[in-house]
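Asks: Chains as they are written, first to last, in my numbering: chain A, 19 to 856; chain B, 9 to 90.
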């Protein structure tokens with residue numbers, strides 16, 4: 019083994035001219051790229067000694083071919099020195115602390131400090147030679163002035179050359195400052211700026227090459243003019259131009275100078291542009307890597323596959339492969355698959371012989387190869403049912419954003435997933451796309467299966483409750499099934515169970531209650547009591563309000579969101595605690611299918627007429643709103659007369675606003691109550707009250723009254739002077755002119771109201787996008803800070819140096835993914851221990 | 009005269025105690041670590057100065073915890089870092 023050494027330190031610095039000469043192979047002196055025959059010119063910017071870019075050719079310096087030769091630097095002698103723009107600020111700082119005459123540090127300090135410290139205390143007069151110092155000015159991006167006279171790079175360089183090493187050591191500068199003024203420019207190898215040949219045979223050069231040509235050309239002209247002794251102003255101009263070209267070669271987004279452009283007007287992408295931003299080398303090529311064996315397409319819901327399955331389109335299954343090593347156990351399957359060829363699923367695309375030769379399976383060769391196959395071959399077979407794959411939706415905000423699923427190959431072109439796994443992915447089906455990755459080795463597959471499979475992710479570590487659970491229609495269906503009104507014949511019950519694909523023994527009775535059908539899915543030992551979502555909205559006690567499950571029988575209450583819903587589901591929570599992950603996922607599968615089966619037999623329809631109010635209710639609503647408007651008018655009147663009592667810590671103005679908002683909010687609440695007591699029970703209300711979809715607020719806004727629209731939590735005040743719109747009188751404080759919407763969506767909004775609603779809607783949109791951006795960045799910083807903390811086997815949290823960060827993880831030692839809403843469930847623990855003794 | 013303020017008597021400052029060498033040994037043995045793997049606290053920390061701890065001492069800190077009610081933490085007093 020090679021001798022291993024530990025890296026003690028890394029030092030970054032600046033190349034010295036000597037170093038540049040040493041690492042270079044060519045002196046570049048000509049601005050032309052190719053001769054008339056199309057061959058690169060020696061000493062030109064594309065000199066072939068700087069590396070090869072054409073396949074088949076050999077490098078003239080090292081003899082390597084395209085892959086082996088990384089390229090070689092050339093160098094360009096600048097006719098006049100140039101300030102390195104990226105160090106211009108540093109040059110400025112140094113100029114300020116270095117004597118104009120002797121180059122010594124302008125300080126009395128004789129011990130190691132920092133440049134910053136010396137700059138603060140820099141003397142006006144050099145204590146070495148007594149020279150009075152001028153005032154240095156720096157003008158971005160690369161001009162310097164001393165006492166209003168321009169200071170050119172040549173004189174800066176001279177000054178820096180005089181500075182003794184000891185002085186630089188004091189301010190911890192570990193390079194020679196004159197190196198910051200470029201005299202020899204390194205020319206990057208052609209391999210970092212390859213030219214591309216277009217179909218027309220034309221050559222298109224890289225942006226860096228274009229820039230280098232500019233530099234060489236101006237350098238040439240400058241040199242000629244100096245040689246013939248041209249007037250100073252011409253030389254100054256060319257010098258300045260050379261400075262511009264060299265500067266934009268480093269960074270083409272400098273402020274204060276125009277950007278160098280292509281003939282087409284597009285800005286050139288030079289060195290700095292290659293590195294920075296999300297599209298730059300670091301974030302795009304080094305921090306981000308691309309993978310094979312993955313697929314991406316639109317997702318759609320499918321209730322008939324299990325939660326741990328994923329429907330994969332056949333076209334994708336034929337493209338993605340898994341290498342299978344041929345053994346006694348699978349040789350029959352593998353031969354079959356190879357015989358099918360690449361175009362028939364389940365087939366295979368490649369076969370690899372034991373000697374490593376890869377053979378493409380084609381329509382012609384498939385039978386031949388199938389005959390040839392013996393143990394020890396590796397066959398890249400199509401994805402098949404039951405294979406383990408990773409399924410992901412971005413943004414991947416928590417660990418459940420990537421889960422392992424079992425493949426189920428299906429027709430058509432979308433990925434299919436069970437609706438119950440949409441909450442952890444935060445997916446809906448309005449065009450969302452998801453990614454799929456195929457682990458290639460048995461180890462990877464086993465690891466994915468054990469750690470990442472859906473069954474093991476039911477309880478979210480975010481809040482310690484179930485996150486994978488029935489949704490929407492499942493909940494509506496289960497509610498309708500478990501209502502006390504639902505009683506069916508044995509035949510009907512059997513029909514529902516068959517539809518849901520559940521094999522269970524029905525009680526031998528004529529009439530079977532929905533609750534009994536549901537109970538078939540519960541574990542026999544389940545005992546639990548909780549309040550249903552259905553009851554939460556209602557004040558009066560009903561028979562069904564509390565859910566009671568005894569010995570796996572639903573005795574009382576309805577099943578809704580609080581029983582099986584995501585983030586609440588008490589039953590799923592309980593089953594997850596007392597049984598295996600497989601049983602939980604079975605329960606979720608069955609219960610959600612039972613819900614849809616119920617809806618399919620009963621029928622479930624919502625319509626705008628669900629939001630109809632009776633004439634009586636309509637009267638009550640308009641009365642409530644009218645009363646509120648009158649009360650507000652009263653308040654405004656009192657305010658105008660100066661009789662209004664202000665609130666503590668608020669101006670009279672603000673108090674009035676608060677009073678008005680309160681009064682109007684009260685009116686909207688009254689509307690809500692009118693709606694919930696007057697709208698007959700219908701499917702819309704069922705959805706709202708069971709937590710399946712929508713809320714009573716939605717119903718109220720559709721049926722009765724939308725209420726106050728706000729911007730930044732206030733009534734709407736913006737617009738014209740002392741009024742919101744020119745249709746109102748100045749100083750009008752009435753609800754209508756400040757964003758109160760007294761009508762319902764169903765009745766329709768007036769133009770004013772529509773405008774207020776748009777304002778509010780726009781604010782909501784803005785808020786959402788700003789918030790997600792903000793929280794995304796916060797998350798990124800948090801993840802970066804915590805990524806290498808680890809809970810070790812001795813239950814201590816340690817960092818990468820193995821030092822202790824926490825003695826008990828989270829101070830309480832509780833794994834939130836196994837907790838009871840973040841806490842330790844004492845009752846459950848005791849019960850389980852007690853039942854063990856029995 | 010400026011009034012002396014004891015920050016250890018303030019209610020948000022948790023209880024800090026200096027461990028005896030024996031206690032330190034028990035602690036290090038329990039977690040099987042060297043003393044340098046403990047979390048650190050600077051010697052010029054106000055509490056460290058107030059209870060008179062010096063470099064090399066280990067402080068036992070008893071804090072109120074949102075998750076656990078009461079939690080214990082240990083920090084090694086070190087010379088101020090750059």
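No residue lacks a Cβ here, since even glycine has one placed at the ideal position from N, Cα and C. In this text, all values refer to a predicted model and were calculated from it rather than measured experimentally.
(1) Please report the distance separating the alpha-carbon of residue 21 of chain A from that of residue 430 of chain A.
(2) Hey, which unbroken runs of the alpha helix (DSSP H) at 4 residues or more fall wholly within the segment 491-551 of chain A?
(3) Do residue 720 of chain A and residue 763 of chain A have their C-beta atoms closer together than 8 Å?
(4) In the DSSP output, what is residue 58 of chain A paired with across the bridge?
(5) In angstroms, rounded to a whole number, what distance separates the CA positions of residue 505 of chain A and residue 532 of chain A?
(6) In terms of residue numbering, what span does the beta strand (DSSP E) encompassing residue 357 of chain A cover?
(7) Where does residue 285 of chain A fall in DSSP's three states?
(8) If you pair each beta-carbon of the segment 93-107 of chain A with each one of the segment 208-216 of chain A, do three or more pairs fall below 8 Å?
(9) Which same chain residues end up closer than 7 Å to residue 466 of chain A when comparing Cβ atoms and leaving out the 5 residues on each side of it in sequence?
(10) Are the C-beta atoms of residue 451 of chain A and some chain B residue less than 8 Å apart?
(11) Of all Cβ atoms in chain A, is any one closer than 8 Å to the Cβ of residue 59 of chain B?
(12) Nearest-angstrom Cα distance between residue 77 of chain A and residue 354 of chain A?
(13) Is there at least one Cβ from chain A nearer than 8 Å to residue 46 of chain B's Cβ?
(14) Rounded to whole angstroms, what is the Cα-Cα separation between residue 84 of chain B and residue 39 of chain B?
(15) Name, please, each residue of chain B whose Cβ falls closer than 7 Å to the Cβ of residue 828 of chain A.
(16) Could you tell me whether the segment 316-331 of chain A touches the segment 362-375 of chain A, where touching means 3 or more Cβ pairs closer than 8 Å?
(17) Determine, for residue 41 of chain B, whether the minimum Cβ-Cβ distance to residues of chain A falls below 8 Å.
(18) How many Å lie between residue 263 of chain A and residue 790 of chain A at the Cα?
(19) Would you mind telling me which residues of chain A sit closer than 9 Å to residue 62 of chain B, beta carbon to beta carbon, in chain order?
(20) Relative to chain B, which residues along the segment 189-209 of chain A have a C-beta separation below 9 Å, given in chain order?
(21) Can you find a C-beta in chain B that's less than 8 Å from the C-beta of residue 339 of chain A?
(22) How is residue 733 of chain A classed by DSSP in three states: helix, strand or coil?
(23) Run through DSSP, which three-state label would residue 412 of chain A get?
(24) How close, in whole Å, do the beta carbons of residue 385 of chain A and residue 357 of chain A come, if the pair is a contact with beta carbons under 8 Å?
(25) By the DSSP assignment, the alpha helix (DSSP H) with residue 464 of chain A in it spans what residues?
(26) DSSP on residue 81 of chain B, reduced to helix/strand/coil?
(27) Measuring CB atoms only, is the segment 649-657 of chain A touching the segment 748-765 of chain A, in the sense that at least three cross pairs come out at less than 8 Å?
(28) Would you list the residues sitting across from residue 330 of chain A in a DSSP beta bridge?
(29) In the DSSP assignment, find the unbroken alpha helix (DSSP H) run with residue 799 of chain A in it and report its ends.
(30) Since residue 164 of chain A is in the beta strand (DSSP E), which residue starts that stretch and which ends it?
(31) Strictly below 7 Å CB to CB, what residues from chain B border residue 504 of chain A?
(32) Taking all protein chains shown into account, do 16 or more other C-beta atoms lie within 10 angstroms of the C-beta of residue 30 of chain A, making it buried, or fewer, making it exposed?
(33) Taking a contact to mean a Cβ-Cβ separation below 8 Å, would you say residue 693 of chain A touches residue 706 of chain A in this structure?
(34) Could you check which residue in A/346, A/328, A/397 and A/327 has the C-alpha nearest to that of residue 360 of chain A?
(35) Report the residue ranges of all alpha helix (DSSP H) runs contained in full by the segment 582-636 of chain A; include only those spanning at least 4 residues, in chain order.
(36) Using 8 Å as the limit for Cβ to Cβ distance, is residue 90 of chain B near chain A?
Replies: Taking the definition as stated:
(1) 57 Å
(2) 508-518 and 532-537
(3) yes
(4) A/52
(5) 6 Å
(6) Looking at the DSSP string, residue 357 of chain A is not in any beta strand (DSSP E); the run it does join, the alpha helix (DSSP H), is 349-358.
(7) The three-state reading of DSSP puts residue 285 of chain A in strand, counting E and B together.
(8) no
(9) 406, 408, 422 and 457
(10) no
(11) no
(12) 50 Å
(13) yes
(14) Taking the straight line joining both Cα atoms gives about 14 Å.
(15) 75
(16) no
(17) At least one chain A Cβ lies under 8 Å of residue 41 of chain B.
(18) 42 Å
(19) Result: empty, since nearest Cβ-Cβ is about 21 Å, beyond 9 Å.
(20) none
(21) No, no contact with chain B.
(22) strand
(23) coil
(24) 6 Å
(25) Counting along the chain, the alpha helix (DSSP H) containing residue 464 of chain A begins and ends at 460-470.
(26) strand
(27) Verdict: yes, contact present.
(28) A/427
(29) 769-804
(30) 161-164
(31) Within 7 Å Cβ-Cβ: nothing; residue 504 of chain A doesn't reach chain B, min ~44 Å.
(32) exposed
(33) Between residue 693 of chain A and residue 706 of chain A, the C-beta spacing is not below 8 Å.
(34) It is A/397 whose Cα lies nearest to the Cα of residue 360 of chain A.
(35) 588-596 and 599-620
(36) Low confidence applies here, because residue 90 of chain B scores a pLDDT of 46, under 50, leaving its location unreliable; read the following figure in that light. For residue 90 of chain B, the answer is no, since every Cβ of chain A falls outside 8 Å of its Cβ.
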